[in-house]
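Reviewing the structure listed below.
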Amino acid sequence: MSLITPAVILQALVSGLLMGSIYGLVGVGFTLIFGVMEVVNFAHGHLVMAGMFGCYVLFQQFGLDPLLAIPVALLVGYAAGLFLYELLIRHVVAAPQFAQVVLTLALFIFLENGANFLFGGDLRGVTTGYTTATWHVGGVAVSIARLAGAAVALAAVFALRFFLRRTLFGKAIRAAANNRDGANLVGIDVPRVFRSTFALSVAAAALAAAVLTPFYLMTPFVGNELLLKAFVVMVLGGMGNVVGAWLGGVIVGVVEAVASVFVTASLGNAIVFALLIVILLVRPTGLFRAEAGG
Amino acid sequence: MHRWARPISLASFLLAAAALGPALGEHLLTVAITTLFMIFLAIAWNLVLGYGGQFSLGHSVFVGVGAYTSTVLYTKAGLTPWVGMLGAGLLAAAVAVALSLVTFRYEVRGVYFALLTLASAEVFRGLANNWEFINGPVGILLTMKAAPRELLFLARLPYYYVILGLVGLGLAVTAGLERSRFGYAVMALREDELAAEATGVNTYRSKVAIMGLSAFLAGLGGTFYAQFYLYISPEIGFAFEHQLNMLMGTMIGGAGSLWGPVVGTTIFSALSELMRNLPFQSTRAVVTASKMVYAALLMLIIIFLPGGIMSLRLRRAPAPALERPARARAAAGPAAPRAPAGDGLLEMAGATKRFGGLTAVEDVGLTVRPGEVVGMIGPNGAGKSTLFNLISGIYRPDAGSIRLLGREIAGLAPHEICGRGVGRTFQITKPFLNLDVLSSVTIGTLTHARSLRGGEAEARAVLERTGLSGRARALGKSLTVAERRRLEVARALATRPRLLLLDEVAAGLNPAELGEIIALVRGIAGEGVGVLFVEHLMQAVMGVSDRVVVISSGRKIAEGPPAAVAQDPAVVEAYLGEAYVLTARG
Chain A
1 MSLITPAVIL QALVSGLLMG SIYGLVGVGF TLIFGVMEVV NFAHGHLVMA
51 GMFGCYVLFQ QFGLDPLLAI PVALLVGYAA GLFLYELLIR HVVAAPQFAQ
101 VVLTLALFIF LENGANFLFG GDLRGVTTGY TTATWHVGGV AVSIARLAGA
151 AVALAAVFAL RFFLRRTLFG KAIRAAANNR DGANLVGIDV PRVFRSTFAL
201 SVAAAALAAA VLTPFYLMTP FVGNELLLKA FVVMVLGGMG NVVGAWLGGV
251 IVGVVEAVAS VFVTASLGNA IVFALLIVIL LVRPTGLFRA EAGG
Chain B
295 MHRWARPISL ASFLLAAAAL GPALGEHLLT VAITTLFMIF LAIAWNLVLG
345 YGGQFSLGHS VFVGVGAYTS TVLYTKAGLT PWVGMLGAGL LAAAVAVALS
395 LVTFRYEVRG VYFALLTLAS AEVFRGLANN WEFINGPVGI LLTMKAAPRE
445 LLFLARLPYY YVILGLVGLG LAVTAGLERS RFGYAVMALR EDELAAEATG
495 VNTYRSKVAI MGLSAFLAGL GGTFYAQFYL YISPEIGFAF EHQLNMLMGT
545 MIGGAGSLWG PVVGTTIFSA LSELMRNLPF QSTRAVVTAS KMVYAALLML
595 IIIFLPGGIM SLRLRRAPAP ALERPARARA AAGPAAPRAP AGDGLLEMAG
645 ATKRFGGLTA VEDVGLTVRP GEVVGMIGPN GAGKSTLFNL ISGIYRPDAG
695 SIRLLGREIA GLAPHEICGR GVGRTFQITK PFLNLDVLSS VTIGTLTHAR
745 SLRGGEAEAR AVLERTGLSG RARALGKSLT VAERRRLEVA RALATRPRLL
795 LLDEVAAGLN PAELGEIIAL VRGIAGEGVG VLFVEHLMQA VMGVSDRVVV
845 ISSGRKIAEG PPAAVAQDPA VVEAYLGEAY VLTARG
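See below:
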């Protein structure tokens with residue numbers, strides 16, 4: 001255990017912080033639709049996975065760098081969200097919770113097997129010019145790809161918060177989250193709000209995919225792990241709380257990174273989920289105040 | 295349904311499948327074994343989801359625990375998996391019970407329960423990966439050999455019979471559950487937890503027990519899995535794949551139905567076999583493509599046929615015909631045990647309930663004597679329903695005492711208070727939507743009935759009395775508003791209450807129905823049951839009450855004979871907005 005020096009721990013903290021910021025972005029879309037529509041989207045991780053394969057194809061076929069593909073990812077993600085909402089989600093928005101769980105799990109199965117059908121189960125990755133590049137700051141190695149991803153994630157979360165707080169449509173989303181019937185009564189088009197919220201959530205998933213692609217190895221099964229991370233992020237941050245989700249992501253990233261210094265990585269994962277269980281038991285409203293768009 | 299219909303259909307299914315076994319070729323036999331394995335796990339999961347209404351997504355934990363238990367007992371201690379399988383089931387059940395004791399104590403429900411169980415599967419996988427004793431991620435390999443005494447065969451056919459036997463066990467357990475007191479309790483809990491509690495069901499214990507039973511079966515499945523594939527590792531033992539298969543099979547076939555998991559899983563396997571004949575490049579392509587098709591089918595089912603394929607069967611329900619309550623035969627109904635002579639049936643003193651800064655009920659004292667009908671009136675939001683919730687144990691008072699027959703009941707769980715003799719109805723009716731009227735009322739009798747049959751006989755008498763006999767086989771969701779109110783009363787009566795709390799049972803009834811309810815309440819009180827009766831309809835309150843209590847802003851402001859209370863200035867003032875009700879009466 002003499003390998004655990006302050007420098008190693010500092011390195012773990014920095015890596016965890018960067019990765020955690022991206023986990024926060026993965027969780028933001030997830031927590032947003034739960035906060036607004038009370039739908040738990042079990043396919044959220046698989047939407048990120050699908051986005052990663054999309055970025056992979058763009059890179060392999062057209063040489064488009066994933067970070068430069070961000071505008072494409074946002075647009076395609078938003079459109080895919082509208083499509084999925086119209087095709088599937090709108091049928092179960094008012095249905096019992098188990099119907100929502102089963103429907104989104106069916107989408108999970110569909111996407112996972114679709115990716116497996118097209119690409120197979122092998123690990124795939126994208127090698128950009130900066131995939132392995134690092135900056136050394138005072139003995140700590142900072143991965144450029146992760147730093148860029150973390151910065152984009154942070155900016156996206158605060159942009160979303162600004163949108164929800166300061167724009168009229170953002171306020172309509174928060175109103176619909178707070179009281180569906182009340183929002184309807186004051187003239188807010190609640191179905192439209194739901195559709196746009198779902199589309200925003202998928203766009204956030206696509207953005208997360210774009211920033212993960214330069215350094216994160218993908219398989220069709222990676223969605224499951226990302227989904228579980230999104231759960232932890234949502235529960236830690238408070239259901240529907242956007243900034244809380246980002247903070248939750250940072251906690252997950254740091255706990256995971258530090259745990260893998262002291263124990264193995266697979267046990268670190270187990271520790272993250274044990275943390276989730278404890279929080280679900282004792283403080284199901286999350287560590288931070290729960291409010292959609294907060 | 296005829297009482298032999300279930301056993302006969304079950305036996306024919308098993309015999310047909312057993313006869314089919316030797317006729318299957320090597321490939322089809324393997325397909326049949328994996329299908330039966332998935333069916334078996336789906337049957338186990340259906341107990342928790344379909345019957346108990348608890349959305350577990352962590353059932354792969356129990357498969358993994360089961361597989362490891364018998365395999366470790368076999369490889370390390372030489373115990374034959376035939377016996378080890380029992381240990382596997384028991385340890386899986388113990389894990390499930392421990393997990394449920396904690397999660398249900400903290401009242402984790404619905405989608406949170408799903409998340410929590412899903413996370414627990416990840417925890418178990420992580421632990422197994424790091425536990426050297428069971429070889430960590432490497433897993434444990436079994437030797438392929440012919441050793442029937444060690445549950446190892448070279449041929450496929452014996453495995454086929456083993457898993458068929460397990461499926462038979464699972465189906466028998468399910469069918470037995472459908473016709474057992476425990477099963478009724480579990481189904482009531484699925485339909486409405488609060489109503490189940492108020493009808494005397496210990497929902498906490500039922501939830502824990504159904505999880506344990508289901509995990510026991512899943513654990514047996516785990517042993518079969520390890521013995522058939524001769525290998526167990528954290529990734530395959532605790533795979534989410536098992537859980538998804540259980541979910542797809544059950545949901546497509548129909549959750550909460552005996553044959554649902556069989557039908558749904560068989561369709562999946564048949565689909566995969568059909569797709570095998572299409573010109574796909576690889577096995578992987580076949581498997582993934584058939585799962586995509588199946589997932590799409592699941593989406594269609596959940597949107598257009600949420601009850602699954604089994605819900606397509608036509609249900610023969612008798613035509614709705616409300617008969618008049620059998621007033622003359624009221625005495626034929628179950629007699630409530632007479633309370634000891636004396637005045638205190640219910641004695642409430644200084645009861646107070648606060649919600650944050652709001653005091654909903656403040657320092658209320660109240661007495662109900664056996665055979666007495668006490669009407670409770672008060673403006674909306676006065677605290678009447680809160681008082682009911684205090685007496686029936688849904689809320690715990692912040693101060694004061696509530697005694698039933700001299701014993702304190704404040705702080706007891708609703709089902710315990712029901713067991714002591716308090717029956718109640720809900721203002722917003724809470725029928726068991728997917729249970730028929732007879733079963734719903736039978737659940738009430740299980741607080742005291744020795745057997746399900748005895749309970750049913752008693753329930754029929756209660757239905758007769760409340761005018762619901764003609765609707766005995768109608769589902770709760772098909773009832774009219776008036777019928778739902780009667781069902782509330784019937785379900786409460788079936789628990790043989792000493793004290794009956796009626797929360798606005800006359801709301802929305804026409805004058806003839808109102809007359810029937812009043813006669814029913816009088817009849818019940820005539821047997822010595824104390825009745826506390828919340829009502830807005832003054833005609834009902836004044837006509838039936840021996841005494842009237844007026845509640846306003848959480849306090850008791852008047853009490854006395856109906857006529858006197860109606861003249862009370864404090865009451866008139868409290869009712870200023872509704873004063874016309876009083877004047878119209880006079």
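Just so you know, the protein sequences line up as chains A and B, in that order. The first sequence runs 1 to 294 under our numbering. The second sequence runs 295 to 880 under our numbering. Ideal Cβ positions, reconstructed from N, Cα and C, are used throughout, including at glycine.
Simplified DSSP assignment, three categories, for residue 438 of chain B: coil
If you measure from the beta carbon of residue 91 of chain A to each beta carbon in chain E, is any gap under 8 Å? As a matter of chain content, chain E is missing from the structure shown, whose protein chains are A and B.
Rounded to a whole number of angstroms, what is the C-alpha to C-alpha distance between residue 672 of chain B and residue 776 of chain B? 23 Å
DSSP three-state assignment for residue 612 of chain B, whether helix, strand or coil: Residue placement at residue 612 of chain B is poorly supported in this model, since its pLDDT is 42, which falls under 50; the coordinates still yield a value, given next. Residue 612 of chain B: coil per DSSP, three-state reduction.
Can you check whether the C-beta of residue 277 of chain A is within less than 8 Å of a C-beta belonging to chain B? yes
Please report the residue range of the beta strand (DSSP E) in which residue 693 of chain B lies. 693-698
Candidates A/121, A/49, A/150: closest to residue 576 of chain B by CA position: A/121
Which listed residue (B/710, B/779, B/803, B/830) has its alpha carbon closest to that of residue 498 of chain B: B/710
Using beta carbons (cut-off 8 Å, strictly below), is residue 254 of chain A in contact with chain B? no
Inter-residue spacing [alpha-carbon to alpha-carbon] between residue 46 of chain A and residue 459 of chain B: 37 Å
So residue 274 of chain A contacts chain B; which residues on that side make the cut at Cβ distance below 7 Å? 417
Could you check how far apart the C-beta atoms of residue 565 of chain B and residue 551 of chain B are, in whole angstroms? I think they sit under 8 Å. Rounded, the Cβ-Cβ distance is 20 Å, inconsistent with contact.
Would you say residue 264 of chain A reaches chain B, if we count a Cβ-Cβ gap shorter than 8 Å as a contact? yes
Measuring straight from C-alpha to C-alpha, what distance separates residue 835 of chain B and residue 646 of chain B? 25 Å
On the DSSP letters alone, give me the boundaries of the beta strand (DSSP E) that residue 649 of chain B sits inside. 640-649
From residue 148 of chain A to residue 211 of chain A, what distance separates their C-alpha atoms? 8 Å
Residue 316 of chain B to residue 307 of chain B span [Cα, whole Å]: 16 Å
Who are the neighbours of residue 406 of chain B on chain A, taking C-beta pairs under 9 Å? 235, 280, 284
Extent of the continuous beta strand (DSSP E) run through residue 850 of chain B: 849-854
Step through the CB atoms of chain A and report whether any lies within less than 8 Å of the CB of residue 586 of chain B. yes
Around the Cβ of residue 674 of chain B, are there at least 16 other Cβ atoms within 10 angstroms (buried) or fewer (exposed)? exposed
Considering just the uninterrupted stretch of the alpha helix (DSSP H) at residue 484 of chain B, what are its terminal residues? 475-485
Rounded to the nearest angstrom, what separates residue 254 of chain A and residue 786 of chain B at their Cα positions? 54 Å
In DSSP terms, what residue 52 of chain A is bridged to: Beta-bridge pairing links residue 52 of chain A to no other residue.
Taking a Cβ distance cut-off of 9 Å, strictly less, list which residues of the region 120-139 of chain A are near chain B, in chain order. 120, 121
Spatially closest choice to residue 650 of chain B from B/667, B/587, B/692, B/512, by CA coordinates: B/692
Any beta carbon from chain A within less than 8 Å of residue 627 of chain B's own beta carbon? Residue confidence for residue 627 of chain B is low, a pLDDT of 41 falling below 50, so the modelled location carries little weight; the figure read from the coordinates is stated next. So, not an interface residue.
Would you say residue 84 of chain A lies against chain B (beta-carbon separation less than 8 Å)? no
With distances taken Cα to Cα, identify the nearest neighbour of residue 216 of chain A among A/101, A/130, A/176. A/130
Contact set for residue 555 of chain B: own chain, Cβ-Cβ below 7 Å, skip 5 residues either direction: 333, 336, 337, 340, 543, 544, 547
Residue 685 of chain B versus residue 264 of chain A: straight-line alpha-carbon distance, rounded: 54 Å
Measure the alpha-carbon distance for residue 304 of chain B versus residue 161 of chain A and round it to whole angstroms. 58 Å
To the nearest angstrom, report how far apart residue 512 of chain B and residue 177 of chain A are at their CA atoms. 39 Å
Can you find a C-beta in chain A that's less than 8 Å from the C-beta of residue 409 of chain B? yes
Using DSSP with H/G/I as helix, E/B as strand and the rest coil, what is residue 492 of chain B? helix
I need the straight-line Cα distance from residue 68 of chain A to residue 75 of chain A, nearest angstrom please. 13 Å
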